[in-house]
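Numbering (our numbering), first residue to last: 39 to 315.
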């Protein structure tokens, strides 16, 4: 039975839902100097890892990674260019990178509070937010809860509830979660339990509705791929629900494969958006 479960898990993990496409490596840029690396203390005492790049006197831009990824999610793609214009802060969410897991359930509300603690500890009154996939979800959740701390919002490949994910993708997400639940119970391995909990953030989370988005009053650019794992109708309704929001649909892009178009599409449009603020 254990061998069957392990085989099923391996097959599921081969599905590249969130890994940045290897084609993006062709355009990878040299990373800027890391100006600061450290940890902030979350409300429950957990240590959360962060790093700072770019111009320390510029406006802050927090970049939030996808599910299971850490503060290096944007290395070689968006981060080098963003560091030329902003004080870029990258984050390793709970249980990723060198960040501690902490206690209790992993939720977007918990991570939103972690982000608030980070801004407070670093003395940042307001920041621009960019988030990819679950990072985009977190950016939206944080803006709904703490809009007074946000200068602008760019979610990419985000959904505000589980109904926004295409059923074929959601089945894979739930299947992988239950495999990890079984494996964690059978092995009692903390590393497997951590993967289960991180994966679990995509099962039934976040729990926003479109009415919640009407309270967002910061400049917003909603980005999604033409063939994203989110229903296009869901992505477009996110745009329509945020007052004054703009959107970019990356033609030819999927979910993570939008990064294949970093230099041709993403960066020009993102920089245009920031220049208009």
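Ideal Cβ placement from N, Cα and C applies to all residues, glycine included.
Using alpha carbons as the reference points, say which of the options lies closest to residue i.
i	options	result
residue 253	278, 270, 238, 267	278
residue 287	308, 280, 281	308
residue 192	297, 81, 283, 291	283
residue 246	122, 166, 219, 147	147
residue 136	79, 178, 291	79
residue 107	173, 198, 160	173
residue 315	86, 156, 151, 190	190
residue 377	105, 230, 156, 166	Past the boundaries of the shown model lies residue 377; the chain is included only from 39 to 315, so the question cannot be answered.
residue 161	149, 187, 150	187
Please go through the same chain and pick out, in chain order, the residues whose beta-carbon is closer than 6 Å to the beta-carbon of residue i, but skip the five residues on each side of it.
i	result
residue 133	139, 232, 236
residue 48	With a pLDDT of 42 at residue 48, under the threshold of 50, the modelled position of that residue is not reliable, and the figure given next carries that caveat. Once the five neighbours on either side are set aside, residue 48 has no close Cβ partner at all.
Quick one: does residue i have its CB under 7 Å from some CB of chain D?
i	result
residue 284	In summary, chain D is missing from the structure at hand, where a single protein chain is found.
Indicate whether residue i and residue j have their beta-carbon atoms separated by less than 7 Å.
i	j	result
residue 112	residue 153	no
residue 261	residue 194	yes
residue 126	residue 120	yes
residue 96	residue 109	no
residue 177	residue 102	yes
Output the boundary residues of the alpha helix (DSSP H) element that contains residue i.
i	result
residue 177	172-183
residue 200	Counting along the chain, residue 200 falls outside any alpha helix (DSSP H), and DSSP gives it neither H nor E.
residue 312	305-313
residue 206	205-225
residue 252	First-last for residue 252: undefined, no H or E at that position.
Which partner residues of residue i appear in the DSSP bridge assignment?
i	result
residue 191	167, 258
residue 70	None; residue 70 has no bridge partner.
residue 77	87
residue 263	288
residue 268	203
Give me, in chain order, the residues of the same chain whose beta-carbon lies closer than 8 Å to that of residue i; leave out the 5 immediate sequence neighbours on both sides.
i	result
residue 82	140, 141, 142
residue 215	234, 237, 238, 240, 241
residue 267	55, 195, 203, 204, 207, 292, 293
Start and end of the beta strand (DSSP E) containing residue i?
i	result
residue 102	98-102
residue 128	125-130
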